[in-house]
Each structure stands twice: as C-alpha cells, then as structure tokens.
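**Q** Residue numbers (the working numbering): 1 to 377.
Idealized CB from N, CA, C, for every residue including glycine.
Have a look at this one.
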Ligand code: OSB
Ligand code: MG
C-alpha cells in the first residue's frame, strides 16, 4: 500500500534530461524492424540531496507504438520537466494527476513519473518495491528471442533453457511462424513457450493463427493491430490458446475494455507504455480483480529501466515470468554499477540503497550521452 507521507510535499529543485545511446551486443529483430542500438532519454530529478532516475522507452521510429524518441524528448523538454521543476508534490499520484490531461505520450510521462517514484522512495529511505506495494525478494523471468533463422533460434533456445530461464518467447511474423514452432517443439517439447507477433497478423491469417493452437503455447502475444481490441476479441473467441495483449493496452481503460470484451486472457504490463507506475498498478489491480495473470514486459531497457521493471514485478499479480532478463544479454557494459543478472531464471531485486537500488556509473554514462539539458525553476 502507498501511505500518505508524514512529511511536507517534495519540491523538485532541478532536473536533467540526457539522450543516451548504448550499442547492443547483437541486433534485435521483431516483426516491424531491427534495433541495432538502444537510444533513450534518461531523466534525473533532484530533491533534498537525493536523485530519482528513469528511462524513456520510445524507439527512434514509430515501429512499436506511435511515440518516438523525438516526440518523447519534445514533451519532456517543453512540457513535463518545465512543469515539474520548482513545484512540490505530495506523492507520485500528484505527479500523475498533473501529467494525465496531456494526450498520449505515455512513454515521456512514464519517464518523469517513474523518476519521481524513485526519488520519493529514496527520500523516505524505502526500496521502490515497498512503496509500490510489492513483496517478493526476487522475480521469475523468461527471455524474448529476436527473429533469426530457425537453426540459430534453436541454438538460442537451448542456451537460455540451459541457463534456467522460466519461459522462452519467440518473436514471430507471417512466414516465420509454424515451421519455427515445429522445430522448437520437436527439440523442446515441455518448456514454457510463447510467441510475440508485434501486431503483424490480421484476421485474414486465421488459419495460421489457429494452427498455433497446436503447439501448447502459454499465450500468443499481440497477434493483431496495435489499436484493435475488436479483432482480438474475434480471434480469442475461436482460439484455445490465451491471447496476451501488449501494444493494445496503453491505459487501465484499455485494459477494462479488453477484459470486458474478452479480447485477451493475459496482460503484458509495461510501465513505460502505460505512462508510469500509478497506471501500471491500476492495470495490475484490475487484472487481479478479474483473476487475469499479468507479467512485466520489457523494451530492452538499460539498468535504470530494468531496475524499475524488477521492482514493479514484485507485486502479487505478476504470476507469469517477465521479460526482464540479464542486462548482459543486451549490453557489453550497462550505465549502472550493479550487475542485473539472473540466476536459474530468478532476478534479484536490486537493493543497493533505497529507491530502485542501483547507482549510475557516471563516468561510463558520460561516454554514451549524446546530449544533456538542465532544468531549473
Ligand atoms: O513486444 O515485448 C515486445 C522489445 C522491443 C519492442 C517490443 C518488445 C520487445 C521485447 C523485448 O520483446 C523484451 C526485453 O526487454 O527483453
Ligand atoms: Mg510484445
């Protein structure tokens, strides 16, 4: 439970907005494109000698959702950070109320709201997990494997099963689906297996989608368009495999409509896609009321975003393994000092101090920062 703090409102004294570019160890391909490097805004909020951190998760191009690095940076620079700096907030809900009226831009909203949560937890000397209402000391994780040819994918599956990951998610797209599933199921008949289509099918692909029912998948993630709950409901009505919604769920209102119309039976919670932890918890609580399992998705976050995801995943209804796998799968070197590594499919909750429990590696960060802007009242 979030308690009202017995302290005066927290005043944001200054803020910093960086754009960071981290090389990826290997390209990551999904149905809509290939990512070669991770580019992200990094927000730093200052108050009372503490710093709160968060990453934005927009991509360079609108290939996942409409928001982009450019539109995110614009909103952060022109609207959200100027609105926050010099202002006082009683709690994260007050920040969320201030940014809510602006249309869309969930990823930019999430960056300032999450940074405030981190700061607010630190000022109270609490781990983020505790102020969010989570309990687990570690969280179960799986991996998301990008699109590669079938033989290389089989090798990737084997490596990660060996490492103990609790679920393997295969990225699929039209033409790279049933033969892949046949091959993986032949070698790995019993693993928890899922697919993520990132919106690349339509109802015209019904025969392929229905054939996926034959592979014992835990769920099929976001097969149809990013803004089409209606068609997902039509598909779910004729499939036995649960549909898991990702792109379609950008607010708790979206989630309510999805559950009420039976458009899916599992929800991927991404705090960046939902505009922050307040809305992510609303989705969590709604799904709990509906007895619908949730899990924490990822956007190839570096250490700050990854730490936020891990803390959020400690909430009760995160009953399926998340995508928050080891940072070393993606980056040779991360921007945080602490190693975020799984062991036997479990990711420990970072706890080096209060808040998100990780510290920035400022020297390394300086070498991967492409711009820095400062905000004062
Ligand atoms: O759909 O979950 C997705 C990465 C980029 C964009 C969209 C998605 C993903 C992933 C990666 O699946 C998950 C991770 O961070 O490891
Ligand atoms: Mg997805």
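Counting C-beta neighbours from all protein chains within 10 Å, is the total for residue 382 16 or more, i.e. buried, or is it exposed?
**A** Missing from the structure shown is residue 382; the chain here goes from 1 to 377 and no further.
**Q** So if DSSP puts residue 382 in a beta bridge, which residue, or which two residues, is it bridged to?
**A** Any property of residue 382 remains undetermined from this structure, which presents the chain solely from 1 to 377.
**Q** Alpha carbons only, please: which of 304, 308, 289, 342 is nearest the one belonging to residue 296?
**A** The candidate whose alpha carbon is nearest that of residue 296 is 308.
**Q** Pick out whichever of 70, 142, 300, 347 has its Cα sitting closest to the Cα of residue 331.
**A** For residue 331, the nearest C-alpha among the options comes from 300.
**Q** Between which two residues does the beta strand (DSSP E) holding residue 244 run?
**A** Where residue 244 is concerned, the enclosing beta strand (DSSP E) stretches over 243-245.
**Q** Touch check for the region 257-266 and the region 226-234: three-plus C-beta pairs under 8 Å?
**A** Taking 8 Å as the limit for Cβ pairs, the verdict is that the region 226-234 does touch the region 257-266.
**Q** Are the CB atoms of residue 112 and residue 81 nearer to each other than 8 Å?
**A** Yes, the pair counts as a contact, with Cβ atoms nearer than the cut-off.
**Q** Among 59, 52, 167, whose alpha-carbon lies nearest the alpha-carbon of residue 105?
**A** Comparing Cα-Cα distances from residue 105 to each of 59, 52, 167, the minimum goes to 59.
**Q** Helix or strand or just coil, what does DSSP make of residue 35?
**A** Note: residue 35 maps to strand in three-state DSSP.
**Q** Considering only their Cβ atoms, is the gap separating residue 150 from residue 171 smaller than 8 Å?
**A** Contact: no.
**Q** Determine the closest residue to residue 90 out of 68, 71, 120, 40, with distance taken between C-alpha atoms.
**A** If we check each option's Cα against that of residue 90, 120 comes out closest.
**Q** Using three-state DSSP, classify residue 277 as helix, strand or coil.
**A** Residue state, collapsed to three classes: helix.
**Q** Can you tell me whether residue 26 is buried or exposed, with buried defined as 16 or more other CB within 10 angstroms of its CB?
**A** Counting Cβ neighbours within 10 Å, residue 26 comes out exposed, since fewer than 16 surround it.
**Q** Compute the distance between the beta-carbons of residue 258 and residue 248, then report whether it is under 8 Å.
**A** Cβ distance < 8 Å, so residue 258 and residue 248 count as in contact.
**Q** By alpha-carbon positions, which one of 167, 166, 181 ends up nearest to residue 173?
**A** Nearest option by C-alpha distance: 181.
**Q** Which same chain residues end up closer than 7 Å to residue 183 when comparing Cβ atoms and leaving out the 5 residues on each side of it in sequence?
**A** Contacts found: 150, 154.
**Q** If you measure between the beta carbons of residue 116 and residue 158, is that distance less than 8 Å?
**A** Not in contact: residue 116 and residue 158 (Cβ atoms no closer than 8 Å).
**Q** With a CB to CB cut of under 8 Å and the five nearest residues on each side skipped, what residues in its chain are close to residue 103?
**A** Contacts found: none.
**Q** Quick one: grab the DSSP three-state call for residue 369.
**A** Three-state result, residue 369: strand.
**Q** According to DSSP, simplified to helix, strand and coil, what is residue 416?
**A** The shown model of the chain, from 1 to 377, leaves out residue 416, and the question about it has no answer.
**Q** Check residue 355 in the structure and name its three-state DSSP category.
**A** Strand.
**Q** What's the call for residue 270, buried or exposed, on a 16-neighbour Cβ count within 10 Å?
**A** Buried: at least 16 other Cβ atoms inside 10 Å.
**Q** Could you check which residue in 349, 268, 41 has the C-alpha nearest to that of residue 21?
**A** When only C-alpha atoms are compared, the closest one is 41.
**Q** Mind checking whether the beta-carbon of residue 344 lies closer than 7 Å to any heavy atom of the ligand OSB?
**A** Not under cutoff, so the answer is no.
**Q** Would you kindly work out how many angstroms separate the C-alpha atoms of residue 352 and residue 98, rounded to a whole number?
**A** Cα-Cα distance, rounded: 30 Å.
**Q** Is the CB-CB distance between residue 57 and residue 305 below 8 Å?
**A** Going by C-beta atoms, residue 57 is nearer than 8 Å to residue 305.
**Q** Measuring alpha carbon to alpha carbon, tell me which residue in 341, 207, 88 is nearest residue 310.
**A** With distances taken between Cα atoms, residue 310 lies closest to 341.
**Q** Does at least one heavy atom of the ligand MG sit under 7 Å from the Cβ of residue 288?
**A** For the ligand MG, not one heavy atom lies less than 7 Å from the Cβ of residue 288.
**Q** Within its chain, find whatever has a CB closer than 7 Å to the CB of residue 252; leave out the 5 residues flanking it on each side and keep chain order.
**A** The residues are 279, 282, 283, 286.
**Q** Could you tell me the boundaries of the beta strand (DSSP E) in which residue 187 lies?
**A** Not the beta strand (DSSP E): residue 187 falls in the alpha helix (DSSP H), residues 178-187.
**Q** Rounded to whole angstroms, what is the Cα-Cα separation between residue 166 and residue 66?
**A** Roughly 31 Å between the two C-alpha positions.
**Q** In whole angstroms, what is the alpha-carbon distance linking residue 160 and residue 345?
**A** In a straight line, the C-alpha of residue 160 is about 9 Å away from that of residue 345.
**Q** Count the CB pairs spanning the region 122-138 and the region 346-365 that are closer than 8 Å, and state whether there are at least three.
**A** The region 122-138, when compared against the region 346-365, does touch it at the 8 Å Cβ threshold.
**Q** Could you give the DSSP three-state label for residue 109: helix, strand or coil?
**A** In this structure, residue 109 counts as helix in the three-state DSSP scheme.
**Q** Flag this pair as yes or no: are the beta carbons of residue 293 and residue 314 separated by less than 8 Å?
**A** No, Cβ-Cβ distance for residue 293 and residue 314 is not below 8 Å.
**Q** From residue 379 to residue 369, what does the alpha carbon distance come to, in whole angstroms?
**A** Lying before the first or after the last residue shown, residue 379 is absent from the chain, which here runs from 1 to 377.
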